[in-house]
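Below is one structure, written out as structure tokens, with a few remarks after it.
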Amino acid sequence: MQRIAGILFVFLWAVTAVPAQESVERGAALFPRCEPCHAIGPDPVDRIGPHLNGVVGRPIAGLPDYSYSRTLRTAGDAGLVWDRATLTRYLKNPRHSFPGTSMAFAGMRVRADIDAMVDYLESFDTDGATAPQ
Ligand code: HEC
């Protein structure tokens, strides 16, 4: 019985972990689109845009030292958080989802690219470290 449970565990680990890893790598390959404006990882400077360490789960407009647009500050004050749903809408069409945002980025058209980008962003904690995959 234990042996079957062990095999099942390894099987489930393989089917769930591998796509996540691939998705994170796909997101990493897309990050150069964001990099002129956003830092992520060990050197979290704010560029034109705020750094993105730990952004998944962070309140919208949540960095105290960055000067956000009114639209993002209002969303943050209302208690909205960057979860998968809000990020997906924002990355698809920033100006449509948050009119008045200062993020001058056209948006990502391919849904799988957006999913991969969120997976990539999620792989960094607030200190910019990546969880072991
Ligand atoms: C041309 C510069 C530019 C590019 C390219 C860009 N951004 Fe932004 N981003 C900004 C600016 C400026 C803001 C602040 C927006 C505001 O205050 O309305 C922002 C805000 C954000 C936020 C909200 C952060 C917070 O603390 O609330 C996220 C998430 C984000 N960008 C993700 C991305 C991702 C992912 C990409 C690449 C797919 C990207 N951005 C591309 C400039 C950019």
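To convert, count from 1 in the sequence shown and add 93; that's the numbering used here. Glycine residues also receive a C-beta, built at the ideal position from the N, C-alpha and C atoms.
D158 counts as exposed, since fewer than 16 other beta carbons sit within 10 angstroms of its beta carbon.
At least one heavy atom of the ligand HEC lies less than 7 Å from the C-beta of S162. The beta carbon of T219 lies closer than 7 Å to those of N146 and G147 in the same chain, with the five residues before and after it left out. One thing to note: A132 has its Cβ no nearer than 8 Å to the Cβ of R126.
For P125, the secondary structure class from DSSP, reduced to helix, strand or coil, is helix.
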